[in-house]
Every structure is written in C-alpha cells, then in structure tokens.
C-alpha cells in the first residue's frame with residue numbers, strides 16, 4: 001500500500017511536493033510548478049493555509065519508514 005509522507009531527501013521547504021511526487025510517481029519539478037501556479041491562482045492565502053496544514057498532517061518519511 002502506498003503511503004503519503006513528507007520526504008526527507010527531496011525537499012525544498014517542508015517536503016510536501018517531494019512526497020506528493022513520490023506518491024504519484026511523477027517528477028517533483030512538475031509538482032512544484034503546479035504548486036507555484038496554484039499559489040498564484042488561489043490568491044496566496046488559501047494555498048499557504050493548505051500548505052501549513054499539510055505540514056502538520058502529513059508525517060515525515062522517517063516516521064513512516066520505522
């Protein structure tokens with residue numbers, strides 16, 4: 001079963017985009033570009049709140065792999 005986690009090795013800020021890329025088996029750059037586009041389309045605030053919530057909800061890779 002696939003698990004969603006925040007990656008420890010492919011992170012720029014908190015590992016959310018790297019973890020999503022591993023979960024969906026796509027290049028992390030694509031996920032990061034989509035995140036930037038979504039950041040501007042939503043008007044900044046909703047995306048930032050969602051990202052902060054994801055930081056607290058999605059576990060770190062080391063917590064999942066143990």
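Residue numbers (full-length UniProt numbering): 1 to 66.
Each residue gets a CB set at the ideal place from its N, CA and C atoms; glycine is no exception.
Keep in mind it's a predicted model, so treat the numbers as computed, not measured.
> Does any residue of chain C bring its CB to less than 8 Å from the CB of residue 37?
Replying inline: Structure shown: chain C not included; a single protein chain is present.
> Around the C-beta of residue 43, are 16 or more other C-beta atoms found within 10 angstroms, so that it is buried, or is it exposed?
Replying inline: Locating residue 43 in the chain shown gives position 43, where the first residue counts as 1. Looking at its Cβ environment, which holds fewer than 16 other Cβ atoms inside 10 Å, residue 43 is exposed.
> What whole-angstrom Cβ distance do residue 27 and residue 18 have, given they're in contact under 8 Å?
Replying inline: Here residue 27 is taken as the residue at index 27 of the chain shown, counted from 1. Here residue 18 is taken as the residue at index 18 of the chain shown, counted from 1. Wrong, their Cβ atoms sit about 11 Å apart, outside the cutoff.
> How would you label residue 20, buried or exposed, when you count the other beta carbons within 10 angstroms and need 16 or more for buried?
Replying inline: To locate residue 20, count along the chain shown from 1; it is residue 20. Per the 10 Å Cβ criterion, buried.
> Between residue 59 and residue 5, is the Cβ-Cβ spacing less than 8 Å?
Replying inline: As a first step, residue 59 is located in the chain shown; it is residue number 59 there, counting from the start. As a first step, residue 5 is located in the chain shown; it is residue number 5 there, counting from the start. Result yes, Cβ atoms of residue 59 and residue 5 sit closer than 8 Å.
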